[in-house]
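Same order as they appear, the protein sequences are chains A and B. First residue of the first sequence: 1, per the working numbering; consecutive thereafter. First residue of the second sequence: 691, per the working numbering; consecutive thereafter. In this text, a Cβ means the ideal position worked out from N, Cα and C, and glycines have one as well.
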Amino acid sequence: MNSQSRLELLSIVDDLCEQIATQEQCARLEELLLNDPVARRLYLDAIELHGQLHWDAAGLGNRDSLLDSELEVALAAQLAPAIPARRKRNWGLVAAASVLVLVASGWWWSHISVPSGGSRPELAHHESPPSPPSVDLPVIPSVMLPGERQAPATEPDSLPVERVVDIGLPQETQLSLVSVINEELSRGWRDNNVVPNSLAGDAEWLRRIHLDLAGRIPTVTEAENFLKDKSPDKRSRVLDRLLEGSEFAGHFSLIWTNLLVGRMPRADIDRGALQDYLRRQFAANRPWSEVVTDLITAEGSGKENGAANFLLAHLNNEAVPATAYTARVLLGQQMQCTQCHRHPSVAAWGQEQFWEFNACFQQTQVREQRLVDAETGERRTLRELVDVPGVAGSYYETLQGVMKVAYPGYNGHEILVDGQTNRRAELAKLMLSGDENDVARAMVNRIWAHFFGYGFTSPIDDLGPHNPVSHPELFHALTKRFIHSGYDVRDLVEAICRSNAYQLSSSVPEETALDDPEHGTLPLFSRAYVKRLSPEQMFNSLLVASGTSSSDIYNSRETARLRDQWLRQFFEAEETEENVELTTFDGSLPQALSLMNGELVRQATDLESGKFVSGVVNTTESDVEKIRRICLATLSRYPTPAELQNVRVLLRSYVHQRSERNVPPRIAAAEGYSDLYWAYLNSSEFSVNH
Amino acid sequence: MMSTGGFRAPCCMHTLQLPVSTSNSSGMSASPPSQEFIQQFTQAQRTLYLGILAQVGDVTAAEEILQDANVVLLSKHDQFESGTNFLAWARQVGAFEVLRWRQRRRRDKLRFSDEFVSVVAAEAVESEIETDRRRRALALCMEKLKSEDRELLQRRYQPGNSGKELASELGRPANSVYQSLGRIRRYLLDCVQRRMTLELG
């Protein structure tokens with residue numbers, strides 16, 4: 001190869017590096033290379049040099065010298081949806097740190113397997129058995145080393161079966177219900193020869209109760225104070241604070257808004273008004289029966305009456321979605337397929353029942369009015385729910401192809417078809433009649449599953465007679481009690497939070513290994529099942545871990561807007577007439593990758609913009625204290641001694657390595673802490689509630 | 691409101707499914723990767739990246755492909771046998787992901803031919819042996835750069851930056867910035883190659 005073709009080759013590689021090479025240049029490069037080993041070598045050396053510079057950011061720290069203009073770009077980008085981004089990280093340290101985090105802490109989800117039946121796309125809408133947090137994050141595979149099992153933060157006592165665990169709670173009001181739960185679950189343990197797990201340590205318990213009741217992890221201050229606190233009733237005080245605090249209503253209203261109208265923004269409804277409505281109901285602990293009645297009978301516009309948005313969202317397509325959503329979400333009945341199929345096992349469920357139920361909504365219409373705002377001149381469409389008397393029934397085609405008409409009715413009861421009867425009000429009454437109705441059963445099952453990870457049935461919204469119930473007596477007792485208490489949601493929640501089973505650790509010792517609902521057996525609740533964080537919990541927790549004040553989580557409009565925007569990347573509406581959404585937020589690798597590389601995590605770990613991490617880095621605390629705080633802020637626990645030791649060694653060698661590249665040790669150390677923080681945020685321990 | 695005669699809503703949600711299967715149908719493994727696996731995996735990242743880059747000639751594409759390959763490697767970690775050559779296995783996965791990426795890009799103009807890719811891939815394996823030494827040599831050569839050259843290079847390789855953006859930041863014509871960068875890279879390449887021969891001798 002002569003010097004001229006050498007220069008030519010290198011200049012083509014330069015253009016490749018700048019991504020401006022033309023197809024002709026590429027063809028010429030091939031020509032030069034294919035028959036000349038020397039040219040091949042030169043090409044490889046040149047492109048490798050480019051790759052090395054790129055990988056190492058030309059020997060610079062990755063983020064410590066962002067130019068001003070770039071910072072601006074980054075800030076502007078914060079408003080754009082997170083783009084699954086480029087490598088921004090020094091993978092070596094991050095991966096190694098992640099491994100260490102896992103070595104120390106990752107033992108309990110190393111038992112978690114991949115959801116079975118993974119080939120079927122998961123419908124966000126359809127709540128199949130809660131698939132467990134599945135694949136571990138790419139750079140953070142879980143590792144279980146023999147002898148590295150982490151002891152819970154406080155030494156757990158073995159659980160006294162059949163006795164209420166004294167966690168210092170005043171239990172007069174709750175005693176009966178709590179002991180029913182305890183007795184029924186212990187009976188299941190005895191019958192199945194399962195020994196219940198040891199109690200959860202303080203850190204584990206605190207994180208769990210915050211995620212379950214407030215939808216976020218505890219703040220670093222909350223965790224610190226709680227772990228320090230030696231008083232016997234400290235758990236009771238936390239429970240009271242959370243139950244009475246506003247975050248409970250915020251968290252539950254988000255959950256129910258999603259269940260009722262999905263997560264995708266829709267121009268034709270006012271999601272925010274629905275959420276505000278629900279929030280007020282949960283905050284006031286309004287009886288669930290009244291909330292359900294509101295939702296079924298709402299009239300008016302979605303803006304003025306938040307509850308109206310449920311039906312405004314689903315009256316399309318002959319009110320088939322309204323029928324299916326009401327049945328599934330509020331009644332725990334899967335009717336949607338019976339609109340055109342025979343039920344495979346339940347003869348009483350046929351097309352006729354579906355369309356009778358559907359006919360209850362046929363009186364109701366969405367009236368659209370085009371309005372022009374007098375002041376701004378802005379045009380908008382006002383959508384209102386109105387009842388139009390006179391429509392008799394629903395027409396449908398039977399399996400034999402015959403047209404039939406169905407008249408309104410529910411559960412074998414007919415609703416009068418006359419000018420006066422408000423069908424929806426009648427329907428709501430029928431739904432709530434009986435001493436063990438489906439509205440109550442569906443809510444009890446949902447609340448139970450919310451705290452325990454599994455409901456009494458799987459999926460939780462299929463309570464049909466074909467579906468086995470794990471604890472029929474308990475389910476029965478809870479449902480009766482729920483109705484008897486006047487559909488008191490908070491009462492039920494409190495009883496569950498005080499039950500023995502809720503206090504158990506999520507570790508998987510041999511004794512409870514048989515209790516494995518992930519593999520299709522009925523749950524025994526002999527240990528806390530690991531729950532994957534919902535997208536909302538994940539978002540809120542990332543904010544809390546990065547130093548956002550917990551009062552902003554549900555109260556700041558800006559936070560709500562950012563949350564909606566962030567969620568949008570994981571969901572899309574399916575192009576069907578059943579108002580279904582698809583999600584990629586399913587514990588899968590794509591989810592993990594978009595989190596790891598997303599803007600939110602980048603900002604949190606950025607030494608300039610990340611409030612928490614810059615705060616830690618800039619203190620004069622010792623290394624050990626910094627590492628402990630990072631661990632506490634993200635995982636709500638202190639690192640184990642071995643973990644701490646390993647992280648210190650790793651950080652030291654990283655700083656050393658960077659100083660050889662003329663990076664000042666102070667900056668190198670800051671990078672190291674930021675990377676450690678990143679690794680903790682992306683650990684699978686962070687992404688689950690255990 | 692009345693349904694028309696032929697109306698059938700698409701009924702796609704067959705929620706009354708078969709009992710949940712306990713078999714591992716997704717091809718992912720349930721057990722955690724071994725510590726050895728993770729070490730090897732971490733160590734192999736740079737080498738894999740450089741190998742892929744040589745085959746596609748584009749840093750961004752190479753990153754995407756590397757991520758795809760990592761997903762496969764991690765999901766199949768239990769197929770890796772301790773003591774065997776991790777890099778060889780990872781390289782195969784990488785090669786396959788390059789192939790898939792090229793197939794996806796078939797509609798765009800393909801930059802390099804299949805022959806080129808396979809020749810370069812084979813050559814990259816040979817060249818890898820010395821990658822670490824070259825990297826050390828590069829670090830030393832970087833120090834010999836004039837400070838303004840080093841700064842220019844560092845700004846160019848800021849994550850997310852490109853020569854074109856750098857030119858607009860500096861208010862210089864893009865071509866002149868490309869030329870400067872080319873000159874600096876050429877200097878570094880010569881410097882690295884000289885060092886490699888010296889150290890050998």
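- Of all residues in the segment 32 to 52 of chain A, the ones placed with a Cβ closer than 9 Å to any Cβ belonging to chain B are L33, L34, P37, R40, R41, L42, Y43, L44, D45, A46, I47, E48, L49, H50, G51 and Q52, in chain order.
- Taking a contact to require three or more Cβ pairs closer than 8 Å, the segment 616 to 625 of chain A and the segment 642 to 660 of chain A qualify as touching.
- Counting other Cβ atoms within 10 Å of its Cβ, H466 of chain A stays below 16 and is therefore classed as exposed.
- Taking every protein chain shown into account, the CB of K834 of chain B has fewer than 16 other CB atoms within 10 angstroms, so this residue is exposed.
- Within the same chain, and ignoring the five residues on either side of G747 of chain B in sequence, the residues whose Cβ sits closer than 8 Å to its Cβ are R801 and F802.
- When only Cα atoms are considered, I447 of chain A and V493 of chain A end up about 7 Å apart.
- In terms of CA proximity to N646 of chain A, A:R628 leads the group A:V663, A:R628, A:N662 and A:G272.
- By the neighbour-count criterion, in which 16 or more other beta carbons inside 10 Å mark a residue as buried, G419 of chain A falls on the exposed side.
- Between L514 of chain A and N192 of chain A, the gap from beta carbon to beta carbon is short of 8 Å.
- With a cutoff of 8 Å on beta-carbon distance, T376 of chain A and E368 of chain A are scored as not near each other.
- With contacts defined as CB atoms closer than 8 Å, A744 of chain B and A814 of chain B qualify as a contacting pair.
- Going by DSSP, L243 of chain A is part of the alpha helix (DSSP H) stretching over K234 to E244.
- Taken in chain order, the complete alpha helix (DSSP H) segments of 4 or more residues contained in the segment 226 to 307 of chain A are 234 to 244, 246 to 261, 271 to 284 and 288 to 297.
- Contact note: L10 of chain A reaches chain B through G872, R875, R876 and L879, using a C-beta cutoff of 9 Å and chain order.
- Taken in chain order, the complete alpha helix (DSSP H) segments of 4 or more residues contained in the segment 852 to 884 of chain B are 853 to 860.
- CA-to-CA, the gap between E414 of chain A and S301 of chain A works out to about 29 Å.
- Of all alpha-carbon atoms in A:A440, A:A528 and A:P472, the one lying nearest the alpha-carbon of V489 of chain A is that of A:A440.
- Around the C-beta of Q275 of chain A, 16 or more other C-beta atoms lie within 10 Å, and the residue is accordingly described as buried.
- Under a criterion of Cβ atoms nearer than 9 Å, the residues of chain A adjacent to E805 of chain B are, in order, E30 and L34.
- Between the alpha carbons of P196 of chain A and R235 of chain A lies a distance of about 21 Å.
- I819 of chain B is classed as exposed because its beta carbon has fewer than 16 other beta carbons within 10 Å across all chains shown.
- DSSP lists A:K531 as the bridge partner or partners of N689 of chain A.
- A contact is defined here as three or more CB-CB pairs under 8 Å, and the segment 288 to 295 of chain A fails this definition with respect to the segment 599 to 606 of chain A.
- One alpha carbon belongs to A273 of chain A, the other to E304 of chain A, and they sit about 8 Å apart.
- Taking a cut-off of 8 Å on C-beta distances, the segment 224 to 235 of chain A does not touch the segment 250 to 262 of chain A, as fewer than three cross pairs fall below it.
- Interface flag for C26 of chain A against chain B is set, since a Cβ pair is found closer than 8 Å.
- Per DSSP, reduced to three states, the secondary structure at K404 of chain A is strand.
- Interface with chain A (8 Å Cβ-Cβ cutoff): A829 of chain B is included.
- DSSP places S772 of chain B in the coil class of the three-state scheme, outside both helix and strand.
- Annotation note: the segment 367 to 396 of chain A contains the following uninterrupted beta strand (DSSP E) runs of length 3 or greater, listed N- to C-terminal: 379 to 387.
- Assigned with DSSP and collapsed to three states, F802 of chain B falls in coil, not helix or strand.
- When Cβ-Cβ separations below 8 Å define contact, E18 of chain A makes contact with chain B.
- Note on geometry: alpha-carbon atoms of M538 of chain A and T605 of chain A lie some 16 Å from one another.
- Under the three-state reduction of DSSP output, L607 of chain A falls in the coil class, being neither helix nor strand.
- Counting C-beta atoms within 10 angstroms of its own C-beta, M403 of chain A has fewer than 16 neighbours from the protein chains shown and is therefore classed as exposed.
- Straight across, the Cα-Cα distance linking L254 of chain A with V544 of chain A is about 17 Å.
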